[in-house]
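If you read the sequence shown in my numbering, its first letter stands for residue 6, the second for the next number, and so on. Idealized CB from N, CA, C, for every residue including glycine. The block underneath contains the structure these notes are about, expressed in structure tokens.
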Amino acid sequence: MTLVSMTPLAALPSPTTAVWQLGPVPLRAYALCIVAGIVVACLVTEHRLRQRGVAPGAVLDIAVWAVPTGIIGARIYHVVTSPEKYFGTGGDPWKAFAIWEGGLGIWGAVAGGAVGAWIAARQLGIPLTVVADALAPGLPLAQAVGRLGNWFNNELYGGRTTLPWGLEIHRMDPDNPGHALRDDANQPILEPGLYHPTFAYEALWNLGVAGLVFALDRRFKLGRGRAFALYVMGYTAGRFWIELMRSDEANHILGLRLNVWTAGLVFLGALIYFLRVRGPREYLIPLDAPAAVPATDGAGSDVSQVDLAATGKGSPTAPPAGYLVVDEEQFTAYRESGVLPDAPGAPPADDRDTGPDAGDPDTDDRPTDVDDRPAGADSGDEPAGVDRPAGAAGRSADRDS
């Protein structure tokens, strides 16, 4: 074998600059990729939330909470799992707050974002599982876009390779972050050889996970957070083998990178949840919604279209006071008739078998009509202006006032 035969005929280049100055403001490629990924996730989630009956613009209210808490969680995970950089010998504790210098962990981002999404969902009266399932295919798309930032930063690469898609890696200047180190001739200095572009492998894997979640969710109409659990399983399965390829610095436990253990444990947790949790996909009907315009274009219709002229009041941008959680059959009936389930004029409740005891012969003979209820029974916590008897099919979503 000659030296020429060992020389790769092709290679993937890497950028020499990851930061640009717009006057006094630095524009960081990594930050721009993260923002672009967030926008993609929001667009996908907004579309899927509206398909499930959520009012327009809810994703922005959720993002206001989820994005900051996600970033905080991502940074906390990075600092906790790499403490020597900040609290070890020669470390600077204040650097733990220098998020612009890089260092975000996806595991902390998902956990922190989930906390923020839960807070927002409680305020909006939307079950967190509905938000999670709507986000499920959008999150891996966002991660795929965000991984381009690692390419700009010349980071998250694997071991040496001679494959045609081997990646050139520049030595970055520690005194000029975001720029490649240059030699006396002002040429960027490359690390010797080519490397596996593991960030690109993960980006491609994430695109596949997004397609898988979208296809299976469309086929089986997953609910109760199972679409999100499917995303978690798909992502962690890929992250497991990709982490084994990476050669950048990381803490190890029993000879394996910390993120390998994290990916395996999170996968098992998501698998258990996916197998144990059952239930149909959840749809939402605004409790204080005016009559809906009957759908005419099939399953793609948007339930958020309402006849405001019929009520003479209200704002199309005002969020609902809360939501009624129903199944697909009830949701379809509402879209076609504009009448809340079990309200006057709604399809008979006898035709629907959606409660927790559905199919149980010992409970099928229980009364479902409002006339069969004891006299004086109270309707509960229904908002003012909603003429909906107690015992209605579906359940009201929790909401913090």
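Quiz item: Near Asn-155, what residues of its chain come up, given a Cβ to Cβ distance below 8 Å and the 5 sequence neighbours on each side ignored?
Solution: Tyr-35, Leu-161 and Phe-204
Exercise. Would you decide whether Pro-411 is buried or exposed? Buried here means 16 or more other CB atoms lie within 10 Å of its CB.
Key: The chain is shown from 6 up to 406; residue 411 falls before or after that span and cannot be answered.
Quiz item: Which one of Ala-190, Arg-127, Met-250 and Val-84 has the shortest CA to CA distance from Leu-109?
Solution: Val-84
Quiz item: Got a sec, what are the start and stop residues for the alpha helix (DSSP H) Arg-229 sits in?
Solution: Counting along the chain, Arg-229 falls outside any alpha helix (DSSP H), and DSSP gives it neither H nor E.
Exercise. Could you pull the start and end residues of the alpha helix (DSSP H) that Tyr-339 belongs to?
Key: 333-342
Quiz item: Can you round the beta-carbon distance between Trp-246 and Pro-202 to whole angstroms, since I take them to be within the 8 Å contact cut?
Solution: With 8 Å as the limit, Trp-246 and Pro-202 do not qualify as a contact, their Cβ atoms being about 15 Å apart.
Self-check item: Terminal residues of the alpha helix (DSSP H) in which Arg-80 lies
Solution: 63-86
Exercise. Taking Pro-291 as the reference, give the member of Pro-346, Phe-279, Ala-275 and Glu-248 with the closest Cα.
Key: Pro-346
Quiz prompt | Cβ-based burial, Asn-181 [other Cβ within 10 Å; buried from 16] | solution = exposed
Practice problem: Return the chain-ordered list of same chain residues with a C-beta closer than 7 Å to the C-beta of Ala-23, the five sequence neighbours on each side being excluded. | Solution: Arg-33, Ala-34, Tyr-35, Phe-157, Asn-158 and Gly-183
Quiz item: Who does Ile-290 pair with in a DSSP beta bridge?
Solution: Leu-329
Quiz prompt | Cβ shell of Val-136 (< 7 Å), same chain only, five flanking positions each side left out | solution = Ile-67, Ala-122 and Ala-126
Self-check item: Three-way DSSP call (helix, strand, coil) for Trp-210 in this model
Solution: helix
Practice problem: Enumerate in chain order the residues of its own chain whose CB-to-CB distance from Leu-144 is below 7 Å, with the five nearest sequence positions on each side excluded. | Solution: Ala-46 and Tyr-236
Quiz item: Hey, would you say Gly-163 sits closer than 8 Å to Arg-251, going by beta carbons?
Solution: yes
Exercise. Tell me where the beta strand (DSSP E) around Pro-31 begins and ends.
Key: 30-33
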